[in-house]
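Residue numbers (my numbering): 8 to 480.
Reviewing the structure listed below.
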Amino acid sequence: MTTFADLGLSDDILKAIQDVGYTSPTPVQEKAIPYVLQGRDLLACAQTGTGKTAGFVLPMLEILGAGRARARMPRSLILEPTRELAAQVAENFEIYGKYHKLSMARLTGGEMMDEQIRALDRGVDVLIATPGRMIDLFERGKILLNDIKIFVIDEADRMLDMGFIPDIDRIAGLLPPLKQTLFFSATMPPEIRKLADRFLSNPKTVTVAPPATTSANVTQKFVTLPQNNDWLKREALRMLLKQEGVKNAFIFCNRKKDVALLHKSLVKHGFNAGALHGDMEQSERTATLDKFRRDEIALLVCSDVAARGLDIDAVSHVFNFDVPFHADDYVHRIGRTGRAGLTGTAYTLVTPDDAKCVAAIETLIKKTIDRETIPDLPTVDESTTRHRHRRDDGRRGGRGDGRGPRQGGSRDSNRRHDGNKANVTDRRHETAPHPAPANNAAPARTREEPAAGNDRFDNDLPAFLRRPPAALK
Ligand code: AMP
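Right, here's the structure in full:
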């Protein structure tokens, strides 16, 4: 068996690896590290969860350990598509570089520029940036890129999805021609290949899993629903969440505003849930993630961009509230569970409208996924009756405080802001059987109370999924 020492890493790095407790390199590390140490360009097809970050961080520490940074002239540049990924890479440098004296700066949007500029002025060995903030600071004359020796483009397929390629092209044009370039992507479709050809010179190629394969550690299930109806989907989700074994979970929605809606609904039903989407303040995103990491939040409702590449071990479940529009997002989403040798389960709610996207997923992963139904799932007619019943409660003063039904936060009010025509049509179709939106009609509760007892699914919520007392919020 290959050891880290066999890969040619020095004692300081081996000691840091030992401190973390890794016994042997992962396949991507075993293959990539020797090439990077030889100074070769690298094209690596590897998903998050394979250990790819250490695959470039460890040899970079080795190479950069030999020199010293000058003010405003970083010696290496790592581009990441999101702030969260940039933070994770920075964390890796801190962990593995604990016996080195390398300096690092993180240039990401949504955070104060002043501190980033001060770090650049002091001189940095490693610059970890998102493309937009990087260009912004360059245009302000705060960075000189002539000394970059190693350039890393991470999560290239996500960069493409997020429209960052022109920015990356521009940044690459500012770098010296003589440098080492490492290019990582979870998938390698033809556009990504072309992109790699533009940036890499005579690269070595490393592939650790065939493109778009899903981990064998993740049990995948499609839960079919008889119709595309938001209430029904939420009800199905609630029932699945209450199953045995759901310790914590990522819950994915396709749209940011649906993340907010679903989060609100889950909290209202007494679940201990947080939300993560691109429009949130960075501080809020970080705080939410920290709570999820510390198990103070059991469920994290999120969008693809916000959750891409998040490295949190021991997440028992992933729920796709919406089938993703892009099949490769499915692979990324379900890769949030079944990490670090653990097993996980990924449920996807599938309605008849999702047939095309489902077919695309199964073609991509070359697998047919088991279909399940939820036997006790109420029909929409039942839900209508239930809503009517709840609305009656509301008319009788459902808030319990004599002020009548709760105002605001209804689906209608959210729909008014929806500029997406297709979506408006969808929702009109979905909401047709519901004379009263559930949010407005729900029985009254104070913020910290668990869901009201007259909701027949809320009585049996397991304690660990329940909302914590206010102190934890
Ligand atoms: P990544 O693919 O870089 O997001 O890494 C996924 C997870 O694998 C992280 O939690 C790392 O801490 C962990 N990891 C990285 N290298 C190793 C290794 N050689 N042995 C065990 N775990 C590792």
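Glycine included, each C-beta is placed from N, C-alpha and C at the ideal position.
beta-carbon SER31 near ligand 1 non-hydrogen atom, thresh 7 Å: Within the sequence shown, residue 31 is the residue found at index 24, counting from 1. Yes, the beta carbon of SER31 sits closer than 7 Å to at least one heavy atom of ligand 1.
Test item: CB-CB of GLN227 and ILE102 under 8 Å: In the sequence shown, residue 227 corresponds to position 220, counting from 1. In the sequence shown, residue 102 corresponds to position 95, counting from 1. Taking 8 Å as the Cβ cut-off, GLN227 and ILE102 do not qualify as a contacting pair.
Nonlocal neighbours in the same chain, by C-beta distance under 6 Å from ILE135, ignoring five residues either side: Counting from 1 along the sequence shown, the entry for residue 135 is found at position 128. Answer for ILE135: ILE85, ALA93, VAL96, ALA97, ARG113, listed in chain order.
Any non-hydrogen atom of ligand 1 closer than 7 Å to GLY58 Cβ: Locating residue 58 in the sequence shown gives position 51, where the first residue counts as 1. At least one heavy atom of ligand 1 is found less than 7 Å from the C-beta of GLY58.
Closest by C-alpha distance to LEU371, when choosing among LYS211, THR221, VAL330, PHE328: The residue you call residue 371 lines up with position 364 of the sequence shown. Comparing Cα positions, the closest option is THR221.
Straight-line gap, LEU239 to THR231 (C-alpha atoms, nearest Å): For the purposes of this step, residue 239 is taken as the residue at position 232 of the sequence shown. For the purposes of this step, residue 231 is taken as the residue at position 224 of the sequence shown. Their backbone Cα atoms lie some 11 Å apart in a straight line.
Residue closest to SER31, alpha-carbon to alpha-carbon, out of THR355, PRO196, GLU122, THR10: For this step, residue 31 is matched to residue 24 along the sequence shown. Minimum Cα distance to SER31 is reached at THR10.
contact_flag[the stretch 351 to 365, the stretch 325 to 338] where n(CB pairs < 8 Å) is 3 or more: Yes, the stretch 351 to 365 is in contact with the stretch 325 to 338.
Status (buried if at least 16 other CB within 10 Å, exposed otherwise) for ASN209: The sequence position of residue 209 within the sequence shown is 202, counting from 1. A residue is called buried once 16 or more other Cβ atoms fall within 10 Å of its Cβ, and ASN209, having fewer, is exposed.
Residue of ASP132, ASP318, GLY170, GLU242 minimising C-alpha distance to VAL387: Counting from one through the sequence shown, the residue named residue 387 turns up at place 380. Distance from the Cα of VAL387 is smallest, within the candidate group ASP132, ASP318, GLY170, GLU242, for GLU242.
Per DSSP, the bridge partner or partners of HIS324: Position 317 of the sequence shown, counted from the first residue, corresponds to residue 324. ALA256, THR352, per the DSSP bridge assignment.
DSSP-derived helix/strand/coil call for LYS298: Within the sequence shown, numbered from 1, the residue matching residue 298 stands at position 291. It is helical.
ARG77, DSSP secondary structure in three states: Mapped onto the sequence shown, residue 77 falls at position 70. The three-state secondary structure of ARG77, taken from DSSP, is strand.
Extent of the continuous beta strand (DSSP E) to which GLY281 belongs: Counted from its first residue, the sequence shown places residue 281 at position 274. First-last of the beta strand (DSSP E) with GLY281: 280 to 283.
For ASN236, the nearest candidate out of THR295, LYS105, VAL43, THR358 (CA to CA): Working through the sequence shown from its first residue, we reach residue 236 at position 229. Ranking THR295, LYS105, VAL43, THR358 by Cα distance to ASN236 puts THR358 first.
Status (buried if at least 16 other CB within 10 Å, exposed otherwise) for ARG140: Taking the first residue of the sequence shown as 1, we reach residue 140 at position 133. Buried.
Enclosing alpha helix (DSSP H) for GLU98 [first to last residue]: Mapped onto the sequence shown, residue 98 falls at position 91. 90 to 103 is the extent of the alpha helix (DSSP H) around GLU98.
Residues near MET169 in its chain [Cβ-Cβ closer than 6 Å; skip 5 each side]: Within the sequence shown, numbered from 1, the residue matching residue 169 stands at position 162. Counting only Cβ-Cβ distances below 6 Å, and skipping sequence neighbours, we find PRO88.
Any 3 or more C-beta pairs closer than 8 Å across the stretch 297 to 306 and the stretch 249 to 260: Segments in contact, yes.
Buried or exposed (CB count within 10 angstroms, at least 16 for buried), ASP297: As a working mapping, residue 297 is identified with position 290 in the sequence shown. Per the 10 Å Cβ criterion, exposed.
Closest Cα partner of LEU151 within the set SER83, ILE319, ILE368, THR344: Residue mapping note: residue 151 aligns to position 144 of the sequence shown, counting from 1. Among SER83, ILE319, ILE368, THR344, the Cα nearest to that of LEU151 is on SER83.
CA-to-CA distance, LEU65 to LEU44, given in whole angstroms: To locate residue 44, count along the sequence shown from 1; it is residue 37. To locate residue 65, count along the sequence shown from 1; it is residue 58. For LEU44 and LEU65, the distance between alpha carbons rounds to 9 Å.
Distance between beta carbons of LYS186 and LYS149, contact taken as under 8 Å: Looking up residue 149 in the sequence shown gives position 142. Looking up residue 186 in the sequence shown gives position 179. Contact between LYS149 and LYS186 is ruled out by a C-beta separation of about 20 Å, above the 8 Å threshold.
Opposing strand residues paired with MET287 [DSSP bridges]: The residue given as residue 287 occupies position 280 in the sequence shown. Under DSSP, MET287 shares a beta bridge with no residue.
Ordered list of alpha helix (DSSP H) runs contained in the stretch 187 to 270, each at least 4 residues: Contiguous alpha helix (DSSP H) elements confined to the stretch 187 to 270 occur at 197 to 206, 237 to 248, taking only those with 4 or more residues.
First and last residue of the uninterrupted alpha helix (DSSP H) at ALA136: Here residue 136 refers to the residue found at position 129 when the sequence shown is read from its first residue. Bounds of any alpha helix (DSSP H) do not take in ALA136; it lies within the beta strand (DSSP E) bounded by 133 to 136.
Same chain, Cβ closer than 6 Å to ARG346, neighbours up to 5 away in sequence not counted: The count along the sequence shown starts at 1 and reaches residue 346 at position 339. For ARG346, where only same-chain residues beyond five positions count, the Cβ hits under 6 Å are GLY56, ASP320.
Contact test: THR212 Cβ vs ligand 1 heavy atom, cutoff 7 Å: Along the sequence shown, read from residue 1 onward, the residue named residue 212 stands at position 205. Because no heavy atom of ligand 1 lies under 7 Å away, the Cβ of THR212 does not count as near it: no.
Strand pairing of SER83, partner residues [DSSP]: Here the question's residue 83 lines up with position 76 in the sequence shown. Paired residues: VAL133, ILE157.
Helix, strand or coil at VAL330 [DSSP, three-state]: Locating residue 330 in the sequence shown gives position 323, where the first residue counts as 1. Residue state, collapsed to three classes: coil.
Beta-carbon proximity list for GLU198, same chain, < 8 Å, skipping 5 on both sides: Indexing the sequence shown from 1 puts residue 198 at position 191. Contacts found: LEU167.
Simplified DSSP state of MET111, which is helix, strand or coil: Working through the sequence shown from its first residue, we reach residue 111 at position 104. MET111: strand per DSSP, three-state reduction.
ALA51, DSSP secondary structure in three states: Translated into the one-based positions of the sequence shown, residue 51 becomes position 44. Here ALA51 sits in strand by DSSP.
ASP161 CB to nearest heavy atom of ligand 1 below 7 Å: Your numbering for residue 161 matches position 154 in the sequence shown. No, the beta carbon of ASP161 sits no closer than 7 Å to any heavy atom of ligand 1.
Alpha-carbon spacing of ASP19 relative to GLY74, whole angstroms: Start at 1 with the first residue of the sequence shown, and residue 19 comes out as number 12. Start at 1 with the first residue of the sequence shown, and residue 74 comes out as number 67. Between ASP19 and GLY74, the alpha-carbon positions lie close to 16 Å from each other.
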